[in-house]
Amino acid sequence: MNKKLPRHSSSIKAIAVLCSGGDAPGMNAALRAVVRYGIHAGLTVYGVNKGYAGLIRGHWDVMDRRSVANIILRGGTILKTDRCPEFHRKAARRKAVELMRTQGIGGLVVIGGDGSFRGAHSLWTEFKFPVVGIPGTIDNDIAGTEATLGFDTAVNNALEAIDKIRDTAGAHERTFLVEVMGRNSGYIALDVGIGGGAEAILLPEEKVSISELARKIKRGMERGKMSSIIVMAEGQHSGGSMGLAKSLKKKYGIEAKVCILGHLQRGGSPRARDRRLGSVMGVQAVRALLAGYSDVMIGVEGDKEILVPLPLTVKRSAKLRRDLLEMADILAS
Ligand code: ADP
Ligand code: F6P
302 MNKKLPRHSS
312 SIKAIAVLCS
322 GGDAPGMNAA
332 LRAVVRYGIH
342 AGLTVYGVNK
352 GYAGLIRGHW
362 DVMDRRSVAN
372 IILRGGTILK
382 TDRCPEFHRK
392 AARRKAVELM
402 RTQGIGGLVV
412 IGGDGSFRGA
422 HSLWTEFKFP
432 VVGIPGTIDN
442 DIAGTEATLG
452 FDTAVNNALE
462 AIDKIRDTAG
472 AHERTFLVEV
482 MGRNSGYIAL
492 DVGIGGGAEA
502 ILLPEEKVSI
512 SELARKIKRG
522 MERGKMSSII
532 VMAEGQHSGG
542 SMGLAKSLKK
552 KYGIEAKVCI
562 LGHLQRGGSP
572 RARDRRLGSV
582 MGVQAVRALL
592 AGYSDVMIGV
602 EGDKEILVPL
612 PLTVKRSAKL
622 RRDLLEMADI
632 LAS
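In the numbering used here, the protein residues as written are 302 to 634.
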């Protein structure tokens, strides 16, 4: 038992679970685990429809074991998710807590990203309502955990696409600019770039000038490369991949085809790692609530699950491995 973590003293008989923010493959696995482990532990488990938007309206249903049958293999989330601007107001959060308490719900599991955790943290600080977070975002940008739900699947989805683009890029001897997700975070781009053998990897955290990018593409051509793949995160260039392609053409005469992978990265059946993560985190979230913890996220460190105070997950941005970026550059040259 960790004495430094926040504790609640409620005797919990029922919990609610919701998904919030962008969906991520593995959310259903986590939901299934929360429901089945919760029932195993003698709890009533309510599934909230559409994230915080459903929470402030009392849109929830009791989940039984069968309600989560055959969902571990499905992407998206059967609860549906949403972004809820109203939840930024304290009055809306108060309403959610009142509705939950009236229903006899004594704890909430929030599956989402750092924004969703900010909302959950407020429920604890303002109303002492017990909350536990499960990191569910393909961006993998949450501090305090080595992995988030959906990242592995999203990276593999993007890699499958890149492998196909390689075929056509090679056949036509073209340069491709492939835009992957990650508005503020380069984790997806970094792993996709390394795994896809990209000639350059452009991350929001590590701005590369157009002249430097042009130099890398030309360096490849001089070394006999007839086609190139540049992987860029969506947040890397203010004009997006289209803007970057235009600048490459205008300033350096380099023609680059653009392929924006977009939301296809977020969909599809979760891979084994995300199913396992979701299952384990779902169980640990229920255990944490029942053990009296609140305002914590279930994180992973190596092969262990850990409890991370929510404020630590929301205040820091995860650190990128810049050494990997340098390594990828050497391997691509
Ligand atoms: P993610 O959880 O994936 O980071 P968002 O940042 O869009 O996604 O946040 C999801 C939802 O969490 C928001 O639509 C809002 O309802 C809630 N939320 C985000 N930030 C806050 C905040 N500071 N206070 C209260 N609720 C918040
Ligand atoms: O899930 C995270 C993320 O994929 C970001 O990388 C991206 O910027 C954002 O969600 C886009 O989500 P939406 O289209 O749902 O706003």
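Note that CB positions come from ideal geometry on N, CA and C, so glycine has one too.
Inter-residue spacing [alpha-carbon to alpha-carbon] between residue i and residue j
i	j	result
Ile511	Ile466	22 Å
Gly355	Val363	14 Å
Arg254	Val601	Lying outside 302 to 634, the shown extent of the chain, residue 254 is not represented and no answer is given.
Ser312	Leu565	42 Å
Val432	Arg333	18 Å
Arg384	Ser417	9 Å
Leu400	Ile357	7 Å
His360	Val349	6 Å
His538	Val532	12 Å
Gly496	Ala546	23 Å
Gly487	Leu504	5 Å
Ala490	Gly434	25 Å
Glu523	Gly563	32 Å
Nonlocal neighbours in the same chain, by C-beta distance under 8 Å from residue i, ignoring five residues either side
i	result
Ser548	Ile511 and Gly540
Integer Cβ distance of residue i from residue j, believed to fall under 8 Å
i	j	result
Asp453	Asp575	5 Å
Ile316	Gly407	7 Å
Asp415	Thr614	6 Å
Assigned exposure category for residue i - 16 Cβ within 10 Å defines buried
i	result
Gly394	For clarity, residue 394 is Arg in the given sequence; the question names Gly instead. So Arg394 ends up on the buried side.
Pro386	exposed
Met328	buried
Leu424	buried
His422	buried
Met628	exposed
Thr382	buried
Arg567	buried
Close beta carbons around residue i, own chain, < 7 Å, minus the five adjacent residues each side
i	result
Met543	Val559
Leu306	Tyr594, Val597, Leu608 and Pro610
Ala470	Phe477, Ser528 and Ile530
Gly536	Gly483, Arg484, Asn485 and Pro505
Same chain, Cβ closer than 6 Å to residue i, neighbours up to 5 away in sequence not counted
i	result
Glu474	Met527 and Ser528
Gly413	Ser321, Gly322 and Gly437
Val584	Ala334 and Tyr338
Ile372	Asn329, Arg333 and Ile379
Gly377	Asp324
Uninterrupted beta strand (DSSP E) stretches inside the segment 487 to 534 (no shorter than 3 residues): Counting only unbroken stretches of 3 or more residues, the beta strand (DSSP E) elements lying wholly within the segment 487 to 534 are 501 to 503 and 529 to 534, in sequence order.
Alpha helix (DSSP H) runs wholly inside the segment 388 to 418, at least 4 long, in chain order: Qualifying alpha helix (DSSP H) stretches, in chain order: 391 to 404.
In chain order, which continuous runs of the beta strand (DSSP E) of length 3 or greater are located wholly inside the segment 441 to 483? 476 to 481, all fully within the segment 441 to 483.
Could you pull out every unbroken alpha helix (DSSP H) segment of at least 4 residues lying fully inside the segment 561 to 631, listed in chain order? Counting whole runs of 4 or more residues, the segment 561 to 631 contains the alpha helix (DSSP H) stretches 573 to 591 and 611 to 616.
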